[in-house]
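J.: Everything in the sequence shown is counted per full-length UniProt numbering, starting at 1 for the first residue and increasing by one.
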Amino acid sequence: MNARVSTVRDVGSEAVARELCPTVFASLRRSDQRRKAEQYVLGLLTVPGRKSIRKIAARTRGDADDHPSTAAVEQSLQHFVSCSTWPWADVRAALARHMESALRPTAWVVRPLVIPKAGSHSVGVARRTLPGLGSPVNCQEAHGLWLANEVAGAPVNWRLQIPTEWLDSPTRRREGGIPDDEPRLTPDGAAANTALEVAAGWGLTRRPIVVDLFPTDRPTHRPGDAPHGAPGGASTAAVSVLSAAGLPFVVRIGADTDVGTPADIALSGYRRRTVAAHHVMSAVHRLRRAVEWTDPASGLVRTSLVAKVPVNLTGGTVRRAAGGERPLVLVGEWDKAGGRPARFWLTDLVDAPAGVLLRLTKLTRRVDRDLVDLTDEVGVRDFEGRTYPGWHRHTTLASVAHAVRLLATAHALHPAAAARVPLRLPATAALRTG
C-alpha cells in the first residue's frame, strides 16, 4: 500500500466488518459462533501489537453488556478458535467469492509464509534451512493463495506444511489435531494443492495461477538457487499438478531446472536437448525485448528485458487434463542488459505476449507488499495455540480482517466505488493455454 493508503487504512474498518462478517460467517450455524467470529476479527483489527487472545478478550470484554471477566472471554474465544467444529473452508470460500467481486483479480498468486517459533510444540514446527538464511530456522511453513490485481491482493486460502516427522508420529498427530487424511506433499506440491482446493468447488472464475516459492523477489540466476523446501533447483511438482488439473499457471523455477528444447530451436553451443533453464535463456538472449511494468510495491514504472521460448518439462511429461502432452513456454527476465537472467518461469499460457506474462509475475510483489502492510498487521503469524484446526481457523479469521482493512481503505479513498477496489489491468481470463 502507498503512503496515502496507509494513513487511511483504519477508516471505517468496524463499519465494513459489521457489513462483511454476516456474509462470510453465514455457514456458522449458531449465532454465538457468528458473534465470536466477528469479535475476533474486530480484535485483530483494533488491538495494538501482537494479536494475542488475551488482548482480543480484553477488547471484547469492554464491548460486552454483561461485563464478563477477561479470563472468561479469553477461554470462550480460545475454545472458539482451537476446539470448536466450525468448518473454515466454508468461510474461506465465502470470503473468496466476496473478494472476487470486489477485486476482479487478474490472477491467483501462491506465496510461502514462514512463521518463526521459539518452541517445538506448535503443529508443524521444525528446523528448516531456508534460502537466503545461513542457519536453520525453527518455524512453521505455510502457503497462501491470494486473489490479486495490480493495486490490491487478498489471501483466501492457506495450507500448513506438515513435516514428515510430524506425520510419522502418532503422538504428534494426536496432540496437534492433524487429520488422518493429511497428505504427504513437497512444498511446491502443497502450494499447487492450495490452488486446487480453491478451484475445486468455490465457484470462482479461474484465473492464471502464479506460483512463486522463492522467499523474496531476489535474482535466481545462480546455480543452486532454490525455492522453499527444494534441495537445489526447483522441483516441478507444482507444474505437474496444475497441468494435470487443467489450470493455467505461471510457475517460478530455479536456474538449474532442466527443460527440454524442441528440435526447431537451435541453442548455440549446446548439443543436448535437455538444458538447464539459465543456459537456455543465455543462449537466446538475442530474443530479449524491453518491457515496461508498473511496480505494484512502489508504483514506479520499471523496465525489464524478457525472452520466451517453447520448451517441455524433462523427467516426466506434462499432461493436459483431457489427455495429451501440454506445451510450455520458458520465460526469462533480465534486470540489466549486460547481466545474467535474473528470474525464470514456466507457463502454459503459450499465446500470451511476453509483456503480459512478465506483468503477471510481478503480482507477487503486490502480494508481498500487502502481506507486510495488511496481513501481518492483523496478526496472521500471531496464533498462540498448538493445533492444526486452531491454526487454520486463526488464519481464516486473519484473512477476513485483511479483507476488512482493504475494503475500508477502498471506501475511504474511493467512496463512489462502494466496496469495489478499482482495477487498472485488463482481465486475463481469455489467455489460452497450450
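Think of the CB as a built atom: it goes at the ideal place given N, C-alpha and C, for glycine as much as any other residue.
Please read these numbers as outputs of a predicted model, since none were measured by experiment.
Could you pull out every unbroken alpha helix (DSSP H) segment of at least 4 residues lying fully inside the stretch 55 to 120, listed in chain order?
T.: 70 to 82, 88 to 103
J.: Taking contact to mean at least 3 C-beta pairs separated by less than 8 angstroms, is the stretch 240 to 258 in contact with the stretch 200 to 210?
T.: yes
J.: In whole angstroms, what is the alpha-carbon distance linking GLY232 and ALA398?
T.: Confidence at GLY232 is low in this model, with a pLDDT of 37, below 50, so the placement of that residue should be treated as unreliable; the coordinate-derived value is given next. The straight-line gap from Cα to Cα measures roughly 33 angstroms.
J.: Please give the ranges of any alpha helix (DSSP H) in the stretch 143 to 169, keeping only runs that are unbroken, at least 4 residues long and fully inside the region.
T.: 164 to 167
J.: Classify SER13 as buried or exposed, calling it buried when 16 or more other Cβ atoms lie within 10 Å of its own Cβ.
T.: buried
J.: Which of helix, strand or coil does DSSP assign to THR186?
T.: coil
J.: Which whole-angstrom value describes the C-beta separation of VAL198 and VAL239, a residue pair presumed to lie in contact below a C-beta threshold of 8 angstroms?
T.: Contact doesn't hold; Cβ gap of about 18 angstroms is too wide.
J.: Express the C-alpha separation of GLU175 and ALA234 in angstroms, rounding to a whole number.
T.: Any reading at ALA234 needs caution, since the residue's pLDDT is 49, under 50, leaving its predicted position unreliable; the model's value is listed next. Spanning the two alpha carbons is a distance of roughly 33 angstroms.
J.: Leaving aside the five residues before and after VAL16 along the sequence, list all residues of the same chain whose C-beta is less than 6 angstroms from its C-beta, in chain order.
T.: A distance below 6 angstroms between beta-carbons, with the five flanking residues on each side excluded, links VAL16 to the following residues of its chain, in chain order: VAL404, LEU407, ALA408.
J.: Rounded C-beta distance between residue 436 and ASP295? I'm assuming under 8 angstroms.
T.: Given a span of 1 to 434 for the chain in the structure shown, any question on residue 436 remains unanswerable.
J.: What did DSSP end up calling GLY124 once you bin it into helix, strand or coil?
T.: Reduced to three states, the DSSP call for GLY124 is coil.
J.: On the three-state DSSP scale, how would you describe GLY12?
T.: coil
J.: Only counting runs of 3 or more residues, tell me where the beta strand (DSSP E) segments fall wholly within the stretch 308 to 389, in order along the chain.
T.: 328 to 334, 343 to 347
J.: Answer yes or no: do ARG35 and THR46 have a C-beta to C-beta separation smaller than 8 angstroms?
T.: no
J.: On the three-state DSSP scale, how would you describe ALA245?
T.: coil
J.: Is HIS79 buried or exposed, if buried means 16 or more other CB atoms sit within 10 Å of its CB?
T.: exposed
J.: Should LYS308 be labelled buried (16 or more other beta-carbon atoms within 10 Å of its own) or exposed?
T.: Classification for LYS308: buried.
J.: Does the stretch 251 to 259 come close enough to the stretch 336 to 354 that 3 or more CB-CB pairs lie under 8 angstroms?
T.: yes
J.: Closer than 8 angstroms is the cut-off here; do at least three beta carbon pairs connect the stretch 75 to 92 with the stretch 116 to 129?
T.: The stretch 75 to 92 makes no contact with the stretch 116 to 129, as fewer than three CB pairs between them are under 8 angstroms.
J.: Leaving out five residues before and five after LEU95 in sequence, what residues of the same chain have Cβ atoms less than 7 angstroms from its Cβ?
T.: VAL24, VAL156, SER399, VAL400, ALA403
J.: How many whole angstroms separate the CB atoms of THR257 and ALA276, which I take to be in contact at a CB cut-off of 8 angstroms?
T.: 7 angstroms
J.: In this structure, does DSSP put LEU407 in helix, strand or coil?
T.: helix
J.: Taking only the alpha-carbon atoms, compute the straight-line gap between ASP90 and TRP146 and give it to the nearest angstrom.
T.: Distance between the alpha carbons of ASP90 and TRP146 is about 16 angstroms.
J.: Which full runs of the alpha helix (DSSP H) of 4+ residues lie inside the stretch 25 to 57, going along the chain?
T.: 31 to 46
J.: Once DSSP output is grouped into helix, strand and coil, what is the label at GLY176?
T.: helix
J.: Taking only three categories from DSSP, how would you classify THR194?
T.: helix
J.: When the Cα of ALA148 is compared with those of VAL306, PHE383, ARG393, LYS362, which residue comes out closest?
T.: LYS362
J.: Look at the alpha carbon of VAL329 and the alpha carbon of SER298, and state the distance between them as a whole number of angstroms.
T.: 29 angstroms
J.: Would you kindly check if the distance between the Cβ of ARG159 and the Cβ of ALA190 is under 8 angstroms?
T.: yes
J.: Whose C-beta lies closer than 7 angstroms to the C-beta of ARG128 among residues of the same chain, with five residues either side of it excluded?
T.: PRO136, VAL137, CYS139, GLU141
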